[in-house]
Every structure is written in structure tokens, then in C-alpha cells.
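Chemist: Below is a structure I'd like to ask you about.
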Ligand SMILES: C[S@@+](CC[C@H](N)C(=O)[O-])C[C@H]1O[C@@H](n2cnc3c(N)ncnc32)[C@H](O)[C@@H]1O
């Protein structure tokens with residue numbers, strides 16, 4: 010998931026959901042002066058800049074987008090940085106890296122990232138310590154992850170490669186799991202919302218491009234196996250029941266957690 014150009018061409022669903030969530034939650038948050046906002050897993054920075062920063066720019070002093078991918082951050086800096094919006098490399102489940110932001114932010118957002126985070130409880134403890142008292146988090150988590158559903162159907166040959174991808178082994182399996190993770194990290198949950206969703210791409214090939222842009226398995230495969238895996242992928246994503254080849258519709262499930270550090 011390091012190819013910023015490929016991701017940005019195919020992230021209609023992510024942009025759509027970020028707009029919807031920001032639109033519904035910003036007015037439910039408490040806004041004061043000198044707000045400092047963090048966006049975790051900002052990817053290439055377009056959602057951070059076009060959607061989050063655009064809707065908050067009159068309320069905040071500074072915004073920082075972070076991502077563990079150096080390539081994504083390089084793209085974000087080149088295309089979206091301005092005097093009130095910066096980007097930096099940071100792995101949210103790495104305690105050492107996060108200490109530089111201790112007690113620093115008043116709001117933390119994260120869209121379409123948390124399902125990929127390996128050590129979720131460590132990541133939440135880090136978010137808690139990066140917030141000032143009274144700070145709020147708004148975290149979007151993919152709950153039914155289309156790629157995870159697809160991986161359940163792929164042939165044994167490809168499953169061997171999955172062992173090298175850590176995030177696949179740490180899904181959140183229920184709303185209760187998510188609640189417990191946030192509460193154990195110290196947060197008080199204001200609202201938790203679980204939403205079954207569908208997104209219609211222009212056609213099936215656009216849907217496939219969007220899924221392949223975020224498929225970690227495709228990015229670690231040796232080059233000579235990629236086109237064969239890609240054909241297998243096209244069949245299995247439908248067999249998994251998450252994609253419709255006639256309408257180009259993707260089925261997934263979002264979990265949105267709004268919580269506060271008291
Ligand atoms: C699907 S992209 C989402 C990008 C953007 N938030 C959006 O909504 O379009 C997920 C991003 O999360 C990043 N990511 C995954 N694990 C992370 C971690 N532990 N710390 C920081 N970023 C992480 C990935 O590098 C990737 O760029």
C-alpha cells in the first residue's frame with residue numbers, strides 16, 4: 010500500500026465515506042481555540058487535505074497527517090503541504106516514535122487505517138498519550154474488510170504468502186471488542202456506530218483496481234506471480250460475496266468510534 014499514485018486514482022469509496030463521516034461528526038465535537046489536529050494513516054494526503062483540513066481550517070490552528078509509509082508521506086508533502094498542514098512519517102503502533110507527540114493534539118482522526126494496524130491496543134494507548142486532556146478521537150475502522158473476506162477463499166498456494174503480512178491476523182471481530190480496546194486504553198466512548206455499507210464503482214474493473222491498490226499480498230508477491238494472482242483475485246472477490254461483477258458494487262462494514270480523553 011505504498012503506491013500513492015495508484016491509491017489516489019482508486020479511492021472514491023474512501024473519499025465518499027470520509028466526507029460523510031466528517032459531515033456528521035464535526036458538529037458533535039467540542040471546538041476551542043488553538044486546536045491541533047492529527048490524521049493517522051493519511052496515505053497520499055488527499056483525504057487529509059481536501060476533506061478533513063477543508064472542513065476544519067476555520068476552526069483549527071494546525072493539522073498534521075502521519076503515515077508509516079515513507080512513499081505516501083513524500084507524495085503528501087509534495088502535493089498538499091501548506092503552512093497549516095504538515096505531513097510526517099509515523100508508525101502508530103511504535104511507542105518510541107509516538108513519544109515526540111506526547112500530550113500534543115486536541116483531536117485525532119483516522120480513516121480506513123486502523124484495520125491495518127497490527128498492535129491495535131498499543132496504537133490506542135499511543136493515541137491516548139498524544140492527546141491533551143479533553144481531546145477527542147474519531148476513528149473509522151473497516152469491520153468487514155473485503156480483502157480479508159477474499160483471503161478466506163484463495164487457494165493454498167497464495168495463503169503461504171499471507172503469513173508474511175501481520176495485519177491480516179489481527180481483525181476486530183465485534184463492536185464489543187472495539188469498545189473494550191478503546192476503554193482499556195483509557196478513553197471514554199461518546200458514540201460507537203456500526204454501519205453496513207455498499208459502494209458502487211463505475212464498473213467491476215474500477216472495483217478491482219481499488220481493491221488491488223490496497224492489497225498487501227499483491228505488493229509482496231514476486232513479480233512473476235502477480236498476473237496469475239491477479240486473475241485468481243478477480244474470481245475470488247466475487248466468490249467471497251463482497252463484490253458484484255455485474256454492478257461493480259462493493260459490500261463492507263464500517264465501525265466509527267468517537268471517544269474522549271477525560
Ligand atoms: C487505505 S489507506 C487510507 C488513507 C487515507 N486515510 C484515506 O482515507 O484515503 C491506509 C493507510 O494506513 C497506513 N497505515 C497502516 N498501518 C499504519 C500504522 N501502523 N501507522 C501509520 N499508518 C499506517 C498505510 O500505510 C496506508 O497509507
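Numbering (the working numbering), first residue to last: 10 to 271.
C-beta: ideal position from N, C-alpha, C; glycine also.
1) Could you tell me which whole beta strand (DSSP E) segments of length 3 or greater appear in the stretch 53–108?
2) Do residue 78 and residue 11 have their beta-carbon atoms positioned less than 8 Å apart in this structure?
3) Within the continuous alpha helix (DSSP H) that includes residue 238, where are the two ends?
4) For residue 132, tell me which candidate among 195, 93, 157 has the shortest Cα-Cα distance.
5) Is residue 52 near ligand 1, in the sense that its beta carbon is under 7 Å from a heavy atom of that ligand?
6) May I have the straight-line CA-CA distance separating residue 29 from residue 112, to the nearest angstrom?
7) Quick one: complete alpha helix (DSSP H) runs, 4+ long, within the stretch 152–226?
8) According to DSSP, simplified to helix, strand and coil, what is residue 48?
9) CB-CB under 7 Å to residue 178, same chain, minus the five flanking residues each way: which ones, in chain order?
10) Distance check for residue 125 and residue 17, CA to CA, integer angstroms please.
11) At a cut-off of 7 Å, is residue 114 close to ligand 1 when judged by its beta-carbon and the heavy atoms of the ligand?
12) Would DSSP call residue 263 helix, strand or coil?
13) Do residue 59 and ligand 1 come close, with the Cβ less than 7 Å from some heavy atom?
14) Within the same chain, show all residues whose beta-carbon is closer than 8 Å to that of residue 164, passing over the 5 residues directly before and after it, in chain order.
15) To the nearest angstrom, how far is it from the Cα of residue 254 to the Cα of residue 156?
16) Check the C-beta distance from residue 114 over to residue 144 and give it rounded, since I have them as a contact under 8 Å.
17) Closest by CA to residue 188, which one among 82, 271, 266, 42?
18) Would you tell me roughly how many angstroms separate the C-alpha atoms of residue 103 and residue 123, rounded to the nearest one?
Modeler: Reading off the structure:
1) 69–76, 94–98
2) As a working note, residue 11 is residue 2 in the chain shown. As a working note, residue 78 is residue 69 in the chain shown. In this structure, residue 78 lies closer than 8 Å to residue 11 by Cβ.
3) Locating residue 238 in the chain shown gives position 229, counting from the first residue. Note, residue 238: alpha helix (DSSP H), 232–248.
4) Working through the chain shown from its first residue, we reach residue 132 at position 123. Nearest neighbour of residue 132 by Cα position, chosen from 195, 93, 157, turns out to be 195.
5) On the chain shown, position 43 is the one that residue 52 refers to. Yes, ligand 1 has a heavy atom inside 7 Å of this Cβ.
6) Here residue 29 refers to the residue found at position 20 when the chain shown is read from its first residue. Here residue 112 refers to the residue found at position 103 when the chain shown is read from its first residue. The straight-line gap from Cα to Cα measures roughly 29 Å.
7) 155–160, 165–171, 184–193, 213–222
8) Translated into positions along the chain shown, residue 48 becomes position 39. In this structure, residue 48 counts as strand in the three-state DSSP scheme.
9) Looking up residue 178 in the chain shown gives position 169. Because residue 178 carries a pLDDT of 44, less than 50, the predicted location of this residue cannot be relied on, and the following value inherits that uncertainty. Counting only Cβ-Cβ distances below 7 Å, and skipping sequence neighbours, we find nothing.
10) Taking the chain shown and counting its residues from 1, one reaches residue 17 at position 8. Taking the chain shown and counting its residues from 1, one reaches residue 125 at position 116. Going from the Cα of residue 17 to the Cα of residue 125 covers about 18 Å.
11) Position 105 of the chain shown, counted from the first residue, corresponds to residue 114. False, no ligand heavy atom lies under 7 Å from that Cβ.
12) Reading the chain shown from its first residue, position 254 is the one you call residue 263. It is a strand residue.
13) Within the chain shown, numbered from 1, the residue matching residue 59 stands at position 50. No, Cβ of residue 59 sits at least 7 Å from all heavy atoms of ligand 1.
14) In the chain shown, residue 164 corresponds to position 155, counting from 1. These residues qualify, in order along the chain: 241.
15) Counted from its first residue, the chain shown places residue 254 at position 245. Counted from its first residue, the chain shown places residue 156 at position 147. Taking the straight line joining both Cα atoms gives about 16 Å.
16) Residue 114 sits at position 105 when you count from the first residue of the chain shown. Residue 144 sits at position 135 when you count from the first residue of the chain shown. Yes, residue 114 and residue 144 are in contact; Cβ-Cβ is about 6 Å, under 8 Å.
17) By 1-based counting over the chain shown, the position of residue 188 is 179. Of the candidates 82, 271, 266, 42, the one whose C-alpha sits nearest the C-alpha of residue 188 is 266.
18) Locating residue 103 in the chain shown gives position 94, where the first residue counts as 1. Locating residue 123 in the chain shown gives position 114, where the first residue counts as 1. Cα-Cα distance, rounded: 14 Å.
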